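Let me begin by presenting the structure, written as structure tokens, before commenting on it.
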Amino acid sequence: MTTDPLAPLLALADIAAAVEQARERFDQALGHRALRRHGGQVAAEVSLRSAVASAALEGAGHEREAVRAGTVTDPVLQGALRVAGALPGLSELWPKAPRQALAKLHVLAARDMVSEAELGRPVPDPVVATRLDGLAGLVAGGTKVSPLVLAAVVHGELLNLRPFAGPSGVVARGAARLVLLASGLDPRGLLAVDVGHREREPEYVGAAGAFATGTPDGLRSWLRHYMAAVEVGADQLTAIGDEILAAA
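Okay, so the sequence shown: first residue is 1 according to full-length UniProt numbering, each after it adds one.
In structure tokens:
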């Protein structure tokens, strides 16, 4: 009998309860009336806000309305928008060929920022290669934990590894959202977790550093942050739904 490598994470203090609470908050948000008639509009707004937040976390902060108007040409922001737009189309590839999907995310994120030779190619480091293989194994069915936990691990590991040149954080955040889409937990891309990371940015940075230590306390810190960001993302879904209904 094979032991699930991520199962011990749920034994860390408060983590199982935090995961359950985050999932419940998202489930509640999915009951919003706006999703019945304006689901596509809600998803598009979540995608936009997620991209703006992800770019800001990469040091490219821009006003949302300027981005919406199409006046921002910043390459980091444009890469984040391309990644956000491509996620639904990559959800089937992700569990079958995660490394290929990661390469595609990097091409989308880093175009115009790194050389053609670097696009879609991990840095030539044997440690990075080994850990990417391990991550790919988890994504391809190597764990049965909640997709929220797997997304947190994928996100934290890619932030720590920085396996690609250029805006690795945009790739990491895109991959984490892809876990949620492909798993069926969030097939329409309605959970704006990246908005939660942006709203709690000091905690995000500190918890990511803690995750990199690999200690139980470090992993717990990151998982607690991630679940708090999920709750912010769920609240963001409710707020978007309210705004769309008010404007209808």
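Beta carbons: idealized from backbone N, C-alpha and C, even for Gly.
These numbers were taken from a predicted model, which means no experiment stands behind them.
Classified as buried, Pro147 has 16 or more neighbouring CB atoms from the shown chains inside 10 Å of its CB. Around the beta carbon of Ser115, fewer than 16 other beta carbons sit within 10 angstroms, so the residue counts as exposed.
If you check the CB distance, Val42 and Ala34 come in under 8 Å. Contact between the region 188-201 and the region 128-146 is absent: fewer than three C-beta pairs spanning the two stretches fall below 8 Å.
Between Ala208 and Ala175, the alpha-carbon positions lie close to 15 Å from each other.
Ala228 places its beta carbon 8 Å or farther from that of Ser221. Here Arg37 is exposed: its Cβ has fewer than 16 other Cβ atoms, across all protein chains shown, within 10 Å. Fewer than three beta-carbon pairs drawn from the region 148-156 and the region 63-70 are found closer than 8 Å, and the two stretches are therefore not classed as touching. Judged by beta-carbon spacing, Leu178 lies beyond the 8 Å limit of Leu237, meaning their Cβ atoms are not closer than that value. Between Pro95 and Val149, the C-beta gap is not smaller than 8 Å, which leaves the two residues out of contact. Counting other Cβ atoms within 10 Å of its Cβ, Pro98 reaches 16 or more and is therefore classed as buried. For a cut-off of 8 Å, the C-beta gap from Glu58 to Gly233 is around 18 Å, too long to register as a contact.
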